[in-house]
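Presented below is the structure to which this report refers.
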Amino acid sequence: MFKKIDNLKAWQVGLILLLVGFSVFFSGLTGGWQGDDTDQIIKNTAVHSISNVGLFFRSSTFWNGEALVGDFYRPMMSTTYALIYSFFGAQPIAFHVVQLLIYVTSAFILFLLLKVFFQPALALLVALIFLVHPINSQVVYSIPSMQEPLMLLFGLSALYVLVKSQTNKSLVGTTALLFLALLSKETAVVFVCLAALYLFLYHKSRLLSFIKIVSLPVILYILIRTSVVGLRNITQSAPIDLLNFGQRILMIPSMLMFYLRKFIFPENLATSYYWTYKSPSFEGFILPLLILLICVAGLVFAGKLIYQKAGKKSLITYLFFSAWTILGLAPYMQIVALDMTACETWFIVAIIGLLGMLAVILKTLLPRIQPAVLLTISLVILISLGVRSELRGLDYHNQATLALKDIAVTDRNYLAMNNLSKYYIDNNQIAKAEVYAKQSIDYFPSVTNYNNLGVIQQKMNDYAGARQSYLDALQITPLGVTYENIAITNFVVGKPADNIAFLKKGLSLYPKNNRLWTYLAIEEAAIGSNSEAKTAILNAYHFGPIPSALYLAIINHTPLDVPILDSGTIVHIP
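First residue of the sequence shown? That's -7 in the working numbering, and the numbers climb one at a time after it.
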């Protein structure tokens, strides 16, 4: 059996991975839009056409109504969204299928890469475990995670080109692929380090040439990223952002233990995790530290056995994959505070290193294991992991199903609470929406949960409360939609002069906001400032659609009763 696997052709292995991938992940392919899909795809008119590709390389990923903004520089992700949207439109299944194909292709390239270090049968086993492991399932099911398989595809391809060709010419191809990986996600810098490490361990003569060639695109990436979004995320968007550096360092054992536990027992999966410890405790620091020290001691002992039984070459391979594991985890150890405490997608690179280490150990022990036993164990592992990943796909049926699952298996998950609140708002279940919005704010106040609460209060005709919630959201992040919402409540509980001043302030930040210009035109016309009203309505018309009756009334100075959206208020223009 193993000899037959060893003799499989590359296209046959690719077909196996493709069939396994679709068999395991088909359950989540029909899931709808969720989470960041709204601002990154549905409302993001920029990605509705591939003609905007140039914009993606000089902007971030979230559409605020006027421009692409945010803290992330991921132009390859936006480009991929635009390509899919241009061909298939707003069909989430198209995005899911493309994402799965990218992931399966990455697993295939991983197999080709692993064949350099192991016999084909063992390389295929590792690639299959990587493919079906539930900790990687979010990379397939969650469309906002598109950057992960893209980074993986380009990063693994770069390493494969590097190890397959021993010429300096291949370094140019490797560097180009690494640059594309960086444009997919900033943590692709790990693949740059892995490429340098591989050359240091196996081909030192090419290391200096590689450093010289790769330096230019890396510097170029840093300069572009800095000019577009800066070097790091400065927005406090998770409870761990509130911890100081020392407190975050104390979190490292619990974070490492989290990934180890999910790797061995992938149960109670969630899209995000937000636990924090402000001071060392037995459960949060001492216990995970002790377990990790035992694991490290075991791995060191395994390295000694590998050297004794298989020699220096196998030890170097073991050390290479050990470094791969460490480098894969390093960017997510909260040295710089991130937007979550942990996320399953963040293990996507490190898991390859860990599987590589285990493969070296298995290779050393292979002569002692009966082939039938090894095959049986392998099948049990693959089937168990595959079934768990398939069941995970059912959680992605819709936003409510996923959020309820996240809430059930995680502590203080403010984002899941907020997402569930938004789902209930969209389905007009206002009482339920209010409960989850308030609980989300209680866990961690954010611009989105305050905005959701404001929408809920507005629907309950509590305009004063809604206005205060929107003002609270504005203090966190001054979004254009928040200015729009406050302006609406000002029509009900505010004074025209105050609303005019507020609208002008909003327009100083969002000068192309069609709705803010429209609201300003209504307020100016209502108090008889006809010239200012005409200027405002012309600007509104320039930046987007407006009701023709309103436009003609202001331009021609004729009376009109104007109903204000979502307020139940009518403003009279004399």
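Note that beta-carbon positions come from the ideal geometry of N, C-alpha and C, so glycine has one too.
Segment limits, beta strand (DSSP E) that includes residue i
{"i": "ILE565", "result": "562 to 565"}
{"i": "ASP582", "result": "This structure cannot speak to residue 582, because the chain is shown only from -7 to 566."}
Identity of the residues DSSP links to residue i by a beta bridge
{"i": "VAL124", "result": "The partner list for VAL124 (beta bridge, DSSP) is empty, contrary to what the question assumes."}
{"i": "TYR265", "result": "ALA334"}
{"i": "TRP55", "result": "LEU60"}
{"i": "ASP553", "result": "HIS564"}
Bounding residues of the alpha helix (DSSP H) (the contiguous stretch that carries residue i)
{"i": "PRO209", "result": "199 to 220"}
{"i": "PRO363", "result": "363 to 386"}
{"i": "ALA294", "result": "279 to 302"}
{"i": "SER70", "result": "67 to 80"}
{"i": "MET349", "result": "342 to 357"}
{"i": "ASN531", "result": "522 to 535"}
{"i": "ASN444", "result": "439 to 451"}
{"i": "VAL155", "result": "139 to 156"}
{"i": "PRO245", "result": "244 to 256"}
{"i": "HIS389", "result": "Note, HIS389: premise wrong, no alpha helix (DSSP H); not H, not E."}
{"i": "GLU516", "result": "506 to 518"}
{"i": "GLY165", "result": "162 to 176"}
{"i": "ASN477", "result": "472 to 485"}
{"i": "ASP464", "result": "455 to 468"}
{"i": "LEU93", "result": "84 to 106"}
{"i": "TYR502", "result": "Where TYR502 is concerned, there is no enclosing alpha helix (DSSP H), given that its DSSP letter is neither H nor E."}
{"i": "PHE109", "result": "No alpha helix (DSSP H) holds PHE109; DSSP gives it neither H nor E."}
{"i": "ILE42", "result": "It is not in any alpha helix (DSSP H) - ILE42 carries neither H nor E in the DSSP assignment."}
{"i": "LYS270", "result": "Here LYS270 belongs to no alpha helix (DSSP H), and DSSP marks it neither H nor E."}
{"i": "ASP434", "result": "422 to 435"}
Within 8 angstroms, strictly: CB atoms of residue i and residue j
{"i": "ALA334", "j": "MET247", "result": "yes"}
{"i": "TYR122", "j": "ILE369", "result": "A small correction: the amino acid at residue 122 is Phe; Tyr does not occupy that position in the sequence shown. Not closer than 8 angstroms, so no."}
{"i": "VAL181", "j": "GLY62", "result": "no"}
{"i": "ILE629", "j": "PHE255", "result": "As displayed, the chain neither begins before -7 nor continues past 566, which places residue 629 out of reach and without an answer."}
{"i": "PHE202", "j": "ALA188", "result": "yes"}
{"i": "VAL5", "j": "LEU116", "result": "yes"}
{"i": "TYR435", "j": "TYR406", "result": "yes"}
{"i": "GLN463", "j": "ILE478", "result": "According to the sequence shown, residue 463 is Leu rather than Gln. Yes, Cβ-Cβ distance for LEU463 and ILE478 is below 8 angstroms."}
{"i": "ALA342", "j": "THR317", "result": "yes"}
{"i": "ILE135", "j": "PRO67", "result": "no"}
{"i": "ILE546", "j": "ALA517", "result": "yes"}
{"i": "ILE468", "j": "PRO437", "result": "yes"}
{"i": "ARG217", "j": "TYR324", "result": "no"}
{"i": "ASN411", "j": "GLY27", "result": "yes"}
{"i": "ILE205", "j": "LEU163", "result": "yes"}
{"i": "ILE340", "j": "GLU178", "result": "no"}
{"i": "LYS355", "j": "LEU114", "result": "yes"}
{"i": "ILE480", "j": "GLU515", "result": "no"}
{"i": "MET69", "j": "LEU7", "result": "no"}
{"i": "THR337", "j": "GLN32", "result": "no"}
{"i": "ILE552", "j": "ILE565", "result": "Looking at the sequence itself, residue 552 is Leu, so the reference to Ile does not match. Yes, they are a contact pair."}
Nearest candidate by alpha-carbon position, reference residue i, set the options
{"i": "LEU212", "options": "GLY238, LEU174, LEU235, ASN236", "result": "LEU174"}
{"i": "ALA74", "options": "VAL39, ALA99, GLY57", "result": "VAL39"}
{"i": "ALA392", "options": "ARG404, TYR428, ILE547", "result": "TYR428"}
{"i": "VAL153", "options": "ILE298, VAL210, GLN467, TYR190", "result": "TYR190"}
{"i": "PHE274", "options": "GLN450, ILE298, SER306, MET243", "result": "MET243"}
{"i": "SER432", "options": "SER137, PHE14, SER229", "result": "SER229"}
{"i": "THR159", "options": "HIS195, SER176, LYS177", "result": "HIS195"}
{"i": "ARG240", "options": "ILE556, PHE277, ILE42", "result": "PHE277"}
{"i": "THR30", "options": "GLY57, THR481, GLY13", "result": "GLY57"}
{"i": "PRO470", "options": "LEU501, ILE373, LEU319, PHE257", "result": "LEU501"}
{"i": "LYS304", "options": "GLY290, LEU193, LYS270", "result": "LEU193"}
{"i": "LEU383", "options": "LEU371, LYS397, VAL372", "result": "LYS397"}
{"i": "SER314", "options": "GLY290, LEU114, LYS204", "result": "GLY290"}
{"i": "LEU252", "options": "ARG198, GLY238, ILE286", "result": "ILE286"}
{"i": "VAL554", "options": "LYS497, PHE483, GLU524", "result": "PHE483"}
{"i": "VAL45", "options": "GLN32, THR71, LEU163, ALA408", "result": "THR71"}
{"i": "PRO209", "options": "ASN36, SER197, ALA168", "result": "ALA168"}
{"i": "ALA86", "options": "LEU120, MET138, ASP387, LEU102", "result": "MET138"}
{"i": "GLN326", "options": "TYR455, PRO231, VAL485", "result": "PRO231"}
{"i": "VAL288", "options": "TYR266, LYS301, LEU311, THR268", "result": "LEU311"}
{"i": "ALA82", "options": "PHE103, LEU104, GLY24", "result": "GLY24"}
{"i": "ALA262", "options": "ALA400, LEU60, VAL184", "result": "ALA400"}
{"i": "ALA119", "options": "PRO258, LEU102, VAL379, SER129", "result": "LEU102"}
{"i": "ALA525", "options": "GLU259, TYR543, MET249, PHE48", "result": "TYR543"}
Any contact of the stretch 49 to 68 with the stretch 105 to 125, i.e. 3+ C-beta pairs under 8 angstroms? no
Measuring CB atoms only, is the stretch 532 to 549 touching the stretch 497 to 517, in the sense that at least three cross pairs come out at less than 8 angstroms? yes
Count the CB pairs spanning the stretch 12 to 23 and the stretch 73 to 93 that are closer than 8 angstroms, and state whether there are at least three. yes
Just checking, does the stretch 358 to 367 make contact with the stretch 275 to 284 on the three C-beta pairs under 8 angstroms criterion? no
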